[in-house]
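Read through the structure below, which is laid out as structure tokens, and then see the notes.
Here is the structure:
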């Protein structure tokens, strides 16, 4: 236990080490004490060579009662069930954020399936870069939408569903192209056959 006592000009530090301790409430005064047993108390000023060392069998420290502190949790820390019953802007934004997470997975799966075809003797880099670009665009748009929701700049009823709908349609379209045997990415540079 570390304790500092004394006036501002003569602050003294005390370090108390004990084998065991327990809390005790005085029945008459209702004061609470920390009672330490079989220990040593070291007291002095940092930098000085004169320290007081005291061994004890029992040593009681009064515990000052602190007024209760009201803690308000951020919306991120609240359970989903509690968020359902609240209506502040930040809490609704957090609820949208949590409900949108499961929708990301199937959309990303469709995008991944669209870009996973490997053609022999062709570079995979353009397809990989396009897939990464779409992922980052999707993730950033969700984050930006969440920030706008928290600020109240987006209709809370719409939430992040517009972003999901846009990328779901894009993923379905790209997957449809892959299933039909069409290239997912347009060929920007064709090699012309020698005539």
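Numbering (the working numbering), first residue to last: 1 to 195. C-beta atoms are modelled at their ideal positions from N, C-alpha and C, and glycine is treated no differently.
Could you tell me the boundaries of the alpha helix (DSSP H) in which residue 136 lies?
In the chain shown, counting from the first residue as 1, residue 136 sits at position 136. Start and end: 125–151.
In the DSSP assignment, find the alpha helix (DSSP H) that holds residue 169 and state where it starts and stops.
Position 169 of the chain shown holds residue 169. Per DSSP, residue 169 belongs to the alpha helix (DSSP H) from 161–179.
In chain order, which beta strand (DSSP E) runs of at least 3 residues are fully inside the stretch 49–124?
52–63
Please report the residue range of the beta strand (DSSP E) in which residue 36 lies.
In the chain shown, residue 36 corresponds to position 36, counting from 1. Residue 36 -> beta strand (DSSP E) spans 32–44.
By Cβ distance below 8 Å, which residues in the same chain neighbour residue 39 in space, the five residues on each side in sequence not counted?
Against the chain shown, residue 39 aligns to sequence position 39. Here the set comprises 16, 17, 18, 19, 55, 56, 59.
Counting only the same chain and skipping the five closest in sequence on each side, list residues whose C-beta sits under 8 Å from that of residue 185.
By 1-based counting over the chain shown, the position of residue 185 is 185. Closer than 8 Å at Cβ, skipping near neighbours: 126, 127, 130.
From 142, 136, 33, pick the residue whose C-alpha is nearest to that of residue 93; which is it?
To locate residue 93, count along the chain shown from 1; it is residue 93. Closest by alpha carbon: 142.
Among residues of its own chain, excluding the 5 on either side of residue 51, which ones have a beta-carbon nearer than 7 Å to its beta-carbon?
Counting from 1 along the chain shown, the entry for residue 51 is found at position 51. For residue 51, where only same-chain residues beyond five positions count, the Cβ hits under 7 Å are 42, 43, 44.
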